[in-house]
Each structure stands twice: as structure tokens, then as C-alpha cells.
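For the sequence shown, full-length UniProt numbering gives the first residue as 1, with consecutive numbering after it.
Even glycine gets a Cβ: it sits at the ideal position worked out from N, Cα and C.
Right, one structure below, let's go through it.
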Amino acid sequence: MAAAMHPWLGDFIQRIERQELPHAQAAGGVLSDADLVELFDSQLASRLLDLQSRLMQAAGQSFYTIGSSGHEANAAVAKAMRVSDPAFLHYRSGAFFLQRAKQKPGTTPLYDMLLSFAASSDDPISGGRHKVLGSLELHIPPQTSTIASHVPKAMGTAFAIGLSKRLQHQGTWPHDAIAMCSFGDASANHSTALGAINSASWAAYQQIPMPLLFVCEDNGLGISTHTPQGWIQQQLSQRPALKYFFADGSNLAETYLVAQQAADYVRQKRKPAILHLRTIRLFGHAGADAEVAYRSKQEIALDAERDPLLHSCAAVIARGLFDSESLVTHIRRQQQRMVRIANQAAQQPKLTSATDVMRSIVPPKKDPSTLPAVPDATRREGLFKWDKHNVGKPQHLAKLLNWALHDLMAQYGSIVMCGEDIAKKGGVYHVTQHLMEAFGPNRVLNTVLDEQSILGLAIGMAQQGFIAMPEIQFLAYVHNAEDQIRGEAATLSFFSDGQYTNPMVIRIAGLAYQRGFGGHFHNDNSFAVFRDIPGVIVLCPSNGADGALLMRQAVQLAAAEQRVVIMLEPIALYMARDLHQEGDAGWLSHYPDVTTPLPELGEPAVYGDGEELAIISYGNGYYLSRQAEKQLADAGHRVRVLDIRCLVPLHVDKIVAALGNSKKLLIVDECRRRGSLSEELITALHEDYPGHFSIQRLTAEDSFIPLGKAAYTVLPSRDGITEKAMMMLRGGQS
């Protein structure tokens, strides 16, 4: 290793030896001698870890040195809480992690964290995939967030704890638990944090249990940007139904006392609170960040005098627990122990293959035999009595999705739906009609108009053992919240080595071709954002029968395989009844019996058996392709039409198997030419089957969708598909 002791520690020890410590702050009987030493040791260990990380980086043994120095007061917050309280931690919460580990005998937090620093595959939380604070046995789900994107799911977890009690659901965390979430003062300005704080207040204002302790660790800086003095207090102390607490993080006893008061308030009242913890930041933001480039030497020196470790040293000496000499000896011993552990951790194995890295993208499967049984005929008859005049008759997509949701919510008592307008109104398109009446307001929830909070709520519920089913009202609305899927839901299994999962089915109404409504904000034809998220599954039904089957498949994937599944539901086809001409009822379907086998994941639906040409599409494109198929048949051509149904991941082998002997392929994609599914499919076909197929594609233009009839000028059409297909059948190329 480059050096046995970091230079800062040498200077710190000299200061203790010279007895140049601040005046000891009165403890007021808050902490016993044993408690004080315990907390001091957590603070000291956290600081030594930060220093060791920098030494390891200099030696090429560590890769990420953002640390907790100056924030070590959060050890007292950990002591004020129970080990069974889920904690969603800011990346400067090393002392919290170490202190919590003391509540769980047999843990090895120093070694575990150093393995994480060294990116060792033996790291018990991420398996070497990232330096994260996390532990299954300590109830700390791992976070990699730097912009507060973990705050919504902490809010969701707090809500889910209260919901578990109301539904008598045995969740991951006990009914009397509280959730805790820490973040920095800069992140307190982020829309993600503000939305989650607002949602927690919104719920608490209505007397909905929300046992959540927010901890804002305020060091006054966001990298180099100063937080205005007084801003955090002004912003966080005046929110409705959110109780405000403040503590000086340099004073260990005060921090513990106030943290205890805040935690007790949340636990007893089941209401949210904010603990505003004043801290400092030592050693810059991270790595080689040079504070002198944006802070005066006087500012840096003043912060150094507020060092919580310095004040804790003064406190233990004032109590007579150490004198200067014995304290220096104790620090040296702890530092030498840290070096020994670090040397051992640095030698442990690393991830060496893509297979190893990717192993935890897909969560571990559960035993399928544990899935609940389908409700019996008597219960199902009662379940559909409200709509008995329609039962047995062919229906459109929206109706059959609704019926499938009724069956699924009856079968899976852990399904909870949430979203805007989904309860009494039944959703904008009535897909959730009558579900609240059938299953109650605790399982079908109206939410605030904030997609980040809706998805965060779902993630929190999923981590509490529910099958969360959030609805995003329109596809375009998800873009302001997409990181809740990309950076939180999809990464949880990856960064926890499969130990934490959040099974959910995200219902999104979207795609194009709406009549009399739209513009790009409601008529959005692009779902490219989902296509590059590892581990996520995207299903897209085009008709009612497939809608019911795919909804059942989505829930089964969430329940049995703990997957994050997106159901992309084409709005323009929700109420579609006719296929070729008005009144033909060609797009209505009978409701599949609950015993109907589900399609294999990725297996396309196939219409027709012709082999002159195969048209491959999905959603609205499949509907239009079926119309084009009739025109082609009338012209004497036999073609087949494939409905992909599973858009992510693409199962190219299953698609090819469904083509029969077709060699000419037309891909119809209602999304834009650039960044569309057709790009991926045509590339895969060329790479995996070189020279085997003659392939053309028809896509939407690279344009936003305008209002009214102009929308159809930039989208594929029935006649356009027919024309392109005829050209291919005649042997043309353009």
C-alpha cells in the first residue's frame, strides 16, 4: 500500500497530543459513557474508512472515494432507530451504516465496506458492481443515487408499511417500522426529492399513515455550489403535516437527542418528519476535487474547526473516558486494524466476465408452486356480476383488460394499483372501472399528479412485498419520471446481487393514432426510453384476447420471477371494435378462460399461413397490417402477419420460427424511424441470419405528432403498408 497512514490523520493525532481540542459540549445526561464511546467509535471508523479509501485509490486498489467525512453525526441517527427500520441512505452515511451494524451481532461492516471499495465480487451487497451502502440483514437497500432519486421509493415504503397493517399483509418490514431516507442539501432542491416530500405531506395531511423520517444532511455545498444560508430551514420547516427538527451535527449528544425525538414522533404518530442535520464536508466533494478552487481558505479552516470527530474527541476526554495519550493510542490501533482489513479486502477476487457482471440483472425466480390459485367459479361469478350483461360476449381491449384485472386482483391478494384517476373514476379510459368497488380503496389508490411519486410509491410497495401495479396515464408523462424505472426499479436487483427486488407491473397508456385528441403530449409514439434498460420487460397487446393473456403473464412474471414489467397499452385500440368496415366487429374478442395457457415469453401471435411475404409489427401497426393483409389477399397474395407482443427483450429466434418459409419481410413500426424497435429487429435479423431474408421497413417519420388529421401524415397507414408490400412482392427495393 502507498502509505500506512494518511497525512490528515497524522496532523489530527498531533492536534490531540497538543490538546488543541474545542471546548467539550455538554452532553446533558443524554448519552451514557458506553453510548458515547460506541458512537465515537462509529464516527472514527467511518473517518478511517474514508482515509483508507484514498490510500487504496492511490495504490490502484479502490475506485470511488466519495466519503462521509464531516457527516459522521448520522451515527447518532442510526442509534435512535431500530435495525428493522428500512433505511435509504445518502452516500455520506458511512457512520450510520457502521452504527447500525452494532445492532446486529455477527456482522462485519468494516470488511464488507472495504470489499465494496475494492470492487470485490465477495462484497456481500453488490458483488463488486458498485461502491454502495447496503445490507439485507441491516435493512439498508443499496442506493447509488446522487440526486435524491431514492427519496420517492422511501416515501413509497413508508406508505406501504402503513398499508400492510391495514391489509393485514406480512411484508418485508414490520407494521411498527418507520422508513428513513437521508439526502444532501443540494439534493433537497431536486424535483425528485421535492415531489416525494410533497407526496408524503399530501398523504399525512389527509391522515394517511406515512411513517417516514427524512434526514437532510446539510453541509452547505452541492459540489461547488453554495446553498444559501437559511434556505434549507426555510424550505423544509414550513410544509404542511411535516414536523421539523434541527440538530447541530458537531454535537453528538444533541444529534442523538433530537434524532430520538424525531424517530419517536414518526413511530408514534405515523406521520412524516424532517431532521435538518447541520454538517460539514471535509476533503472536497470526491476524489481529486480541490476545494480551494471555489472556497476561501478561511471557509475551509472554519469548517475544519466544526469537525464532528474533533468535537467527539473533546467529549470523550471531558468525560474522562480517555486522556490525550490513551485516545491517540486507541486511534492508532483502530487505524492499524483498518489497514490490515483493507489489505485483506484488496486481495479478494473481482468480477472477471460479462456473465458474472450481468448475473444479477434478472432477479432470482421464486417457486412457482407458491403462486395463489385461480378463484373458483362461484367467486368469479360474483366478481363479474356488476357487468353480467357483457359477460360471454366479445369485447374490446379496454374491457378485457379490465376483466383480467378483476380476476388477477382476486387471485393475488398482494396486488395494489396506484395512479391518477384510477379509483372511483375507473381511469381515463375506464380500464380500472369498478376495481375500487370490488377490492376497496386500500388496493386501488388515487395518487397525486406526479409520476415520480407514483413510480416511487410502487417501488416502495414492491419492496414491502406487494405486487405493485402503477398506472402512468399517458406515455409522454413518463419521461419526467423515467429514472424511477431506469435508475431505481431496474437497478435494484443488479446492485444488490439479487437480494433486493421490486416486482411490479407498470401500466402505461400510449402510442399513436388517437382520433380527435392528441398532439405529441398525448399521442406519443416513442417508447425508446424503455428499450435500453437492462432487465425490464415490455409487453404490448393489440387486441382484447391478447390483452388479457399478456396481463396475466405480466403479473405472473412479477410474482414468480420478481420482474419489472411494463404493459404498454395502445390507447387507439382500447375501444376498437371493427377491423375492415364499420359494424364488422372484427377487432372484438372473447375473454380467454382463466385456464387458457399463457404464450411463451417472446412468442409472437401469427395470423395467416402465407409465405410470399411476412409482415412483422405490434400494437397499432399490427391492426393496420391486418387491414393491409386483406387488401393483399384480395389482390391474390397470401401473406402472414406477426404480432410481436413482447417488445423488450426481442426474442428473435421465436420471431424467425413463426415466419415459416417466408423470405421477404416487411417490418411495420409505428414509432419513429430513428430509435425505433425496427432498428433493433432488422439489425438482429441481418446479424443472426446474414443473407437469409429480404427485409424492408415502414416506420413513422422522425417527427413529433401534430394535432388532428395532420397526425396521419407522419404515421404508417393501411394503404402505405399495402403499397410497400406490393412493391416487395413485385421484387422492388424502394
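Short Cβ contact (8 Å threshold) for residue i with residue j
i, j, result
"isoleucine 361", "proline 534", "yes"
"glutamate 670", "leucine 601", "no"
"proline 142", "phenylalanine 495", "yes"
"threonine 225", "alanine 76", "no"
"leucine 39", "glutamine 335", "no"
"alanine 398", "valine 431", "yes"
"isoleucine 415", "methionine 469", "yes"
"leucine 613", "leucine 666", "yes"
"histidine 139", "isoleucine 161", "no"
"glycine 544", "leucine 579", "no"
"cysteine 216", "leucine 277", "yes"
"serine 453", "serine 199", "yes"
"residue 736", "glycine 127", "Absent from the structure is residue 736, since the part of the chain shown begins at 1 and ends at 734."
"glycine 610", "arginine 640", "yes"
"isoleucine 705", "alanine 512", "yes"
"leucine 213", "leucine 163", "no"
Residue span of the alpha helix (DSSP H) that contains residue i, given as start and end
i, result
"glycine 510", "Element bounds for glycine 510: not the alpha helix (DSSP H) but the beta strand (DSSP E), 504-510."
"methionine 727", "718-729"
"glutamine 395", "Unbroken run through glutamine 395: none, as it is neither H nor E."
"methionine 155", "151-167"
"proline 141", "Counting along the chain, proline 141 falls outside any alpha helix (DSSP H), though it belongs to the beta strand (DSSP E) covering 140-143."
"histidine 612", "The identity of residue 612 in the sequence shown is glutamate, whereas the question assumes histidine. Here glutamate 612 belongs to no alpha helix (DSSP H), and DSSP marks it neither H nor E."
"asparagine 74", "74-79"
"tryptophan 231", "231-236"
"lysine 425", "Counting along the chain, lysine 425 falls outside any alpha helix (DSSP H), and DSSP gives it neither H nor E."
"asparagine 620", "619-634"
"tryptophan 8", "7-17"
"aspartate 546", "544-561"
"valine 652", "652-657"
"alanine 195", "Alanine is not the amino acid found at residue 195; the sequence shown has glycine there. First-last of the alpha helix (DSSP H) with glycine 195: 191-205."
Local conformation of residue i per DSSP, three classes
i, result
"glycine 465", "coil"
"lysine 366", "coil"
"glycine 708", "helix"
"aspartate 248", "strand"
"proline 272", "coil"
"histidine 226", "strand"
"phenylalanine 63", "coil"
"isoleucine 485", "helix"
"glycine 134", "strand"
"serine 734", "Since pLDDT at serine 734 reaches only 49, below the 50 mark, its modelled position is unreliable, and the value read off the structure follows with that caveat. In the structure shown, serine 734 sits in coil (DSSP, three-state: anything other than H, G, I, E or B)."
"proline 592", "coil"
"isoleucine 472", "strand"
"glutamine 170", "coil"
"glutamate 582", "coil"
"alanine 24", "coil"
"glycine 602", "coil"
8 Å Cβ shell around residue i - same chain, five flanking residues per side excluded
i, result
"glutamine 348", "Leu115, Ala118, Ser120, Ser121 and Asp122"
"leucine 383", "Pro375, His406, Asp407, Ala410 and Ala438"
"tryptophan 403", "Phe384, Asp387, Gln395, Ala548 and Tyr591"
"methionine 728", "Leu613, Lys664, Leu666, Ser694 and Gln696"
Bridge partners - residue i, DSSP secondary structure assignment
i, result
"asparagine 446", "Gly419"
"tyrosine 607", "Val641"
"cysteine 646", "Leu539"
"lysine 243", "Ala273"
"phenylalanine 88", "Cys181"
"lysine 350", "Ser120"
"arginine 278", "Asp218 and Asp248"
Host beta strand (DSSP E) of residue i (start-end)
i, result
"serine 694", "694-700"
"glycine 184", "179-184"
"methionine 567", "564-570"
"arginine 672", "664-672"
"residue 735", "For the chain, the structure presents residues 1 to 734; residue 735 sits outside this window and is missing."
Below-8 Å beta-carbon distance, residue i vs any chain D residue
i, result
"tyrosine 244", "Note that chain D does not occur in the displayed structure, where there is just one protein chain."
Other residues of its chain near residue i: CB distance less than 6 Å, five sequence neighbours each side excluded
i, result
"glutamine 14", "none"
"glutamine 631", "Thr722"
"arginine 507", "Glu471 and Met567"
Residues of its chain near residue i, where Cβ-Cβ distance is below 7 Å and the 5 sequence neighbours each way are ignored
i, result
"alanine 3", "Low confidence applies here, because alanine 3 scores a pLDDT of 49, under 50, leaving its location unreliable and the question unanswered by this model."
"alanine 346", "Met56, Gln61 and Ala118"
"serine 542", "Pro570, Leu573, Tyr618, Gly619, Tyr622, Tyr623 and Asp643"
"aspartate 688", "Val652"
"serine 734", "Because serine 734 sits at a pLDDT of 49, beneath the cut-off of 50, its placement in the model cannot be relied upon, and the following sentence gives the value as read from the coordinates. Excluding positions up to five away in sequence, the list is empty."
"leucine 167", "Asn442"
"alanine 193", "Ala148, Val151, Phe183 and Ser187"
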